[in-house]
Structure formats: structure tokens, C-alpha cells
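Numbering (the numbering used here), first residue to last: 419 to 644.
Note that the Cβ used here is the ideal one computed from N, Cα and C, for glycine as well.
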Ligand SMILES: [Zn+2]
């Protein structure tokens, strides 16, 4: 298996846009990847669309904890939880505002076929606003049972998987009482995805469209009239 390195471009740090419908979505879906990316110079734009003041504070803490040292921009909104399809236009406007303020290399966001209506709304809108990025759709285990077949895996060192779960518990105390919020769910999914990519632990993503470039054609040929 040939791993493709998610490396910074020739000029400047790697930039990531992480979008969550709810506080904790980003960290559950891609917290391990973010911990890994933050080991190098990283510019991150962190956007969460719903959340009470308490939940927004959890999100703010989590962004700093999962991406220590990153050049971090945090935008938190309080759109109605559970009802993002009803405010589709507002979600699109927020994403368009974000697109005007940054042009990230990588986007981490929910999938358009996620069973939760809020996640799904974000997943449907991302490719209508961003068309020049690697869009990795993360997965979130849930009651609906919508785990699908991933197309891209990020193996996690055991220490990173451990750190991810520790931080989930630490950063989101409001969620600890939920019957699904426990080590077995988080490690179980990470172990299963790890098995599927011949690693101990992993996070998995879906990428509907991926552009790869031979090394001889880098850097950034599409930005140079390729
Ligand atoms: Zn969610």
C-alpha cells in the first residue's frame, strides 16, 4: 500500500477548514487526524454551526486542545440544532462567507449521506461552495446506524487514538451522560477502521472526488494554468 502524504505545499503551512454541524462532530470524526496535522505547522479555520453558549465554549476549548500551536480561526454560530435543513440558506451563506475569507487545502466536514439531517445538510452544501479543495467527509457513529464504506483511511498511532479519546472526554463534559458516549464506541470504531487499513487504529473518511498530482508536476500546477 502506498500512503499519500498530506504535506504542506511548497509555500506556507497546510491549511485546513474543519466544519461541524454540532460541537464535538469535528473531533469525533477527525480528531486524530487534527492531532497529527497539528504536529506540523498548521493553519486551521474551525466552524461550528449550532450550539448553546456552554457548548460553544466546549467547542472553543476542543479546537485549541486538538490543534495546539495552530494558527487558529474559530467561528461559532447558533443556528437551530436539529433544524439545519430549515435554514439551508443561512448555512450556505455562512459557508460562502468562510469561502471568501480563506482558501484551505483540505476540508473536513460531514458526509452528504449522513443520516443526521444537520450533518447531511452541511455535507450537501460543502461541494456547492468549495470546489478547489480535498474534501474529506468524516464519519460519526450514531443511533441511526449509518456507518458506510469509507474510501480513505488515516492510520492513527496508538498514542494518538488514546489522546483523541482522552480529549473527547475532557473537552465535552456535557456529553458524558449520553449512553453512546464511551471508550468502547470510540476505540471500537477506531479499531475496526484500523483493521480495514492494516493498522491498529484509524479514522476513515469518504472522498467523492480526489485529485492526485505526480511529483514532477508539483507544486500546485492547477494554480499555474495547468
Ligand atoms: Zn453532530
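Answer with buried or exposed for residue 643, where buried requires no fewer than 16 other C-beta atoms within 10 angstroms of its C-beta.
-> Only weak support exists for where residue 643 lies, its pLDDT of 48 falling under 50; the coordinates are left without a value.
Would you call the stretch 463–471 and the stretch 547–565 in contact, with 3 or more CB pairs under 8 Å?
-> no
Indicate, with yes or no, if ligand 1 has a heavy atom lying under 7 Å from the CB of residue 587. no
Straight-line gap, residue 576 to residue 619 (C-alpha atoms, nearest Å): 7 Å
* To do: Check whether the Cβ of residue 439 lies closer than 7 Å to any heavy atom of ligand 1, and answer yes or no.
  => yes
Exercise for the section: Reducing DSSP to helix, strand and coil, say where residue 629 ends up. Expected result: coil
Worksheet item: Which residues in the same chain have their Cβ closer than 6 Å to the Cβ of residue 542, if we skip the five residues on either side of it in sequence?
Response: 530
Between the CA atoms of residue 582 and residue 490 - distance to the nearest angstrom | 19 Å
- Task: Would you list the residues sitting across from residue 525 in a DSSP beta bridge?
- Result: 435, 553
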